[in-house]
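Here the structure comes first, spelled out in structure tokens, and everything after it is commentary.
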Amino acid sequence: MKTLSLPLWSLRAFLVAASLLQATATRADTVQAMRTALELAAGKDWDGGLAVAPAGVGRDIIDWQRLRAGDGRLGDYEAFLARRPDWPGLPLLREKGEVAVARSDDPARVIAWFDNGLPQTGKGALTYITALKTQGRVADAETEAMRAWSTLAFTAEEEDQLIALAPDALDLVHELRLDTLLWSGRLREADRMLARVPEGIRALGRARIALQNEEKGVNALIDAVPKAQAGDAGLAFDRFIWRMRRDLYDEALPLILERSASARDLGRPEAWAQRRAILTRWLLRQGRPAEAYRVAANHHLTAGADYADLEFLSGFIALRRLNDPASAERHFDRLLAGVSTPISLARGHYWLGRAREAAGQDATASYQAAAAHQTAFYGLLAAERLGLSLDPGLLAQTNVPDWRNAAFAGSSVLEAATLLRKAGDANLAKRFILHLGESQDATGLAQLADMVLDWNDPHLAVLVGKAAAERGLILPRAYYPVPEIVPDGLSVSRALALAIARRESEFDPAARSSADARGLMQVLPGTAKLMAGKLGKPFEAGRLISDPAYNVTMGAAYLAEMAEEFGPSIALIASGYNAGPGRPRRWIDEFGDPRRPDVDVVDWVETIPFSETRTYVMRVAEGVVIYRAKLKGAVGPVRITEELKG
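Mature numbering (1 follows the signal peptide of the UniProt record, and there is no 0) puts the sequence shown at residues -28 to -1, 1 to 618.
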């Protein structure tokens, strides 16, 4: 009998090939199983999803979704938190777990659960307080009852149950709960509280509820508030908001000025802040800078984004409208003391330089500090003022160890993100990646950015780049990626198209807004239909999401229309694309044409009434400057003012 024999090397090659084919098939099976599990989970078929999900991380993804939906026993929650303590979304998972905790008849186990975090729900609070009382910890139970009553949401039934558990303790905080509910706009709960408070407080509550609900006859309810409660800060706030909503700005002005003597008079200074800024900018547009300054400067905030915005506004008005550089300098110093991101630091240092310059002082150090942040609008303006070239580091490659050897490479969070991405759930994968970034140091963030760039995912790259920038770390390749889905040969420059797409969708081809703007350039179907007709192309609404090239073509055509009307002015093109071309036409009439040499284009941008459009113009201008250099492959003198004015 004759036998066939293969050379040893051929046999080895055959076995390797067979092994690779099997591994590929196994990986494909894993991805398909995960895809099926996610589809079942989307329909709340948790058992089906868990049955088909790949073992390990795949099954835990479905379990994570199930537990966050509130479907599980206490043991399921305890086991998951012990197994995956570093996964995203655990605060909600713990909150949903309080329903399972409420089913436990073991007080010690209940208390152990809440040792890791106080209750977030009314049901959880009732369970915890009952367990504390069962264990003889009455004082602790009353303390928790007062905290919960002052802060948490309860159904009508739960309210009665809590009052039965700690009636004397809660009598002390009924008024506090009502006040909290009214400041939070939780009016149904507030209405139920009226019967539990004294008559004067009840009248105050009725008036505040009527104001917030915009009911008829509200003046009679305000008049019925006793003198002892008539000066309540919350009542003044609700009256202020009532007037602002009706554009009765002149009538709202005395209310906010009267209450702005102290933080106590405001009650909650943070609640007034955004409307304070709106009123300030309205007064500026009305040519009333002294009143605008009083509104902006007396905010009584101590930190946060609104603090920074109002300190900036106060300084800007003092410098550019009241010719008071000394006051402006104080406000810009306060701004800088409360911010840490490149955008805010550049803004503070630039305007501090302008104030010092106006006072006849040397502003070089301030402009240099601002110019250290050349991914920011005001950093570029400072660099231009100093005659600097664009920072060559913005074109450089990052030099960090291979991400495959990063500390996070073996993380179950990354494993979950990778599996989700392969299974087609890009949004959930994104959540896991961004959560992973929160725990990384500077090197880890840079490696994470390299990883998503290797994945050819410009959307994730921008998000990681922005997260890094919030921590003061600039990763140029990720922060400003150059994806091929925005090509050359468009109706406008590629740099402008890239800057717009980065701002509109963060390079997410599937982005869809509440206004139905779609895809990379966030093009409205109606706009796309008009552009398609002008370009002689078919209009297909579905392609705005499914075909990035089609979306970019339509968006670029619309940008070209802006450029045809407004010329090369980025200030006008960007504001027109964001707010519609009618708005910049009106603003030209109201506060000048930024293309004219006698109009300060920076002041013009800061005078844009809409915060979204104002910010939009700044971010697009940054992008155009940086993308021009990236596409050219070389840096040169910063000329952002020329880009803005055209």
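By construction, the Cβ of each residue, glycine as well, lies at the ideal position given by its N, Cα and C atoms.
- Membership of residue 615 in the alpha helix (DSSP H) is indicated by the continuous run 612 to 617.
- The beta carbon of residue 517 lies closer than 8 Å to those of 481, 482, 484, 490, 491 and 523 in the same chain, with the five residues before and after it left out.
- Secondary structure note for residue 21: its alpha helix (DSSP H) is the uninterrupted segment 18 to 24.
- In this structure residue 545 touches residue 531 by the C-beta definition: roughly 7 Å separates them, less than 8 Å.
- Residue 557 sits in a helix when the DSSP states are folded into three classes.
- Counting only the Cα atoms, residue 85 lies some 30 Å from residue 26.
- Contact check between the stretch 68 to 82 and the stretch 98 to 112: three or more CB pairs, one atom from each, fall below 8 Å, which counts as touching.
- Around residue 345, the same chain offers 314, 317, 318 and 351 as residues with beta carbons nearer than 7 Å, after the five sequence neighbours per side are excluded.
- Residue range 241 to 257 is occupied by the alpha helix (DSSP H) that includes residue 254.
- The C-beta of residue 508 has fewer than 16 other C-beta atoms within 10 Å across all chains shown, which makes the residue exposed.
- Rounded to whole angstroms, the gap between the alpha carbons of residue 284 and residue 413 is 31 Å.
- If you look at residue 162, you'll find it in the alpha helix (DSSP H) that goes 159 to 165.
- When rounded, the separation of the alpha-carbon atoms in residue 211 and residue 149 is 21 Å.
- Considering only 577, 553 and 552, the residue with the shortest C-alpha distance to residue 564 is 577.
- When the Cα atoms are used, residue 80 and residue 112 turn out to be separated by approximately 14 Å.
- Residue 452 has its alpha-carbon roughly 11 Å from the corresponding atom of residue 473.
- Inclusion of residue 324 and residue 266 in the CB contact set at 8 Å is not warranted, their separation being larger than that value.
- Residue 405 holds the alpha-carbon nearest to the alpha-carbon of residue 423 among 410, 405, 184 and 356.
- Excluding the 5 residues flanking it on each side, residue 125 has same chain C-beta neighbours closer than 8 Å at 93, 94, 158 and 161, in chain order.
- Taking C-beta separations shorter than 8 Å and ignoring five residues to either side along the sequence, the partners of residue 282 in its chain run 245, 248, 249, 252, 268, 269, 271 and 273, following chain order.
- The Cβ neighbour count for residue 217, taken over all protein chains shown within 10 Å, is under 16; the residue is labelled exposed.
- A Cβ-Cβ contact shorter than 8 Å links residue 595 with residue 475.
- Across the structure, residue 121 and residue 104 are spaced so that their CA atoms are roughly 16 Å apart.
- In this structure, DSSP gives residue 261 a helical state, which the three-state scheme calls helix.
- Contact between the stretch 378 to 392 and the stretch 46 to 66 is present: 3 or more CB-CB pairs across the two stretches fall below 8 Å.
- Non-local C-beta neighbours of residue 145 in its own chain, meaning closer than 7 Å and more than five positions away in sequence, comprise 118, 121 and 122, ordered along the chain.
- Contact check for residue 602 against residue 454 passes: the beta carbons are separated by less than 8 Å.
- Under DSSP, no beta-bridge partner is assigned to residue 316.
- Exclusion of the five residues before and after residue 196 leaves 175, 178 and 179 as the residues of its chain whose Cβ lies within less than 8 Å of its Cβ.
- Assigned with DSSP and collapsed to three states, residue 361 falls in strand.
- Comparing C-alpha distances from residue 379 to each of 420, 499, 395 and 469 shows the shortest one belongs to 420.
- Rounded to whole angstroms, the gap between the alpha carbons of residue 194 and residue 331 is 49 Å.
- Your pair residue 617 and residue 556 does not check out as a contact, with CB atoms roughly 13 Å apart and the cut at 8 Å.
- Residue 57 sits in coil when the DSSP states are folded into three classes, being neither helix nor strand.
- Here residue 18 is actually not in contact with residue 48; their C-beta atoms are around 11 Å apart, not less than 8 Å.
- The stretch 323 to 398 is shown to contain whole alpha helix (DSSP H) runs of 4 or more residues at 336 to 343, 349 to 358 and 384 to 394, in chain order.
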